[in-house]
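Working notes, structure below.
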Amino acid sequence: MRVPNSSSDAVATMEIARTGNYGNDMSEEKLFHECAGCGDDIYYGDEYYEIDDKIVCEDCIGEYLYDVYAPEHRKVAEYDNEY
Ligand SMILES: [Zn+2]
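And the structure:
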């Protein structure tokens with residue numbers, strides 16, 4: 004990310020960050036489920052994935068799929084041209 008040159012840009016950037024997911028108005032969010040991957044809370048209104056009756060949040064769905072369906076990550080040995 005580019006660091007803003009002027010102070011007014013910096014203020015605007017901070018304002019956007021504050022009104023994001025980390026606002027103080029958490030009372031409107033109702034807990035839906037706990038993520039099977041990272042254990043974080045998933046609230047109503049959030050996007051999630053359901054795999055084998057497990058609820059997985061957007062953030063760790065990729066890693067979760069690798070762990071469940073492709074736990075073996077290996078490298079094929081080099082092909083030998085010499086024989
Ligand atoms: Zn997660």
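The sequence shown begins at 4 in the working numbering and counts up one residue at a time. In this text, a Cβ means the ideal position worked out from N, Cα and C, and glycines have one as well. For clarity, every value in this text was computed on a predicted model and none was experimentally measured.
Between the Cα of residue 50 and those of 84, 62, 39, spot the shortest distance and give me the residue it belongs to. Counted from its first residue, the sequence shown places residue 50 at position 47. The option with the nearest alpha carbon to residue 50 is 62.
In chain order, what residues of the same chain have a beta carbon less than 8 Å from the beta carbon of residue 1, not counting five sequence neighbours either side? For the chain, the structure presents residues 4 to 86; residue 1 sits outside this window and is missing.
Do you know how far the Cα of residue 48 is from the Cα of residue 80? Your numbering for residue 80 matches position 77 in the sequence shown. Your numbering for residue 48 matches position 45 in the sequence shown. Cα to Cα, the separation comes out at about 46 Å.
So the candidates are 71, 76, 83; which of them puts its Cα closest to the Cα of residue 39? Sequence index remark: in the sequence shown, residue 39 carries index 36 (1-based). Among 71, 76, 83, the Cα nearest to that of residue 39 belongs to 71.
Need the endpoints of the alpha helix (DSSP H) that residue 70 sits in, please. Residue mapping note: residue 70 aligns to position 67 of the sequence shown, counting from 1. Note, residue 70: alpha helix (DSSP H), 64-72.
Distance, residue 55 Cα to residue 67 Cα: Working through the sequence shown from its first residue, we reach residue 67 at position 64. Working through the sequence shown from its first residue, we reach residue 55 at position 52. Near 12 Å, if we compare the C-alpha coordinates of residue 55 and residue 67.
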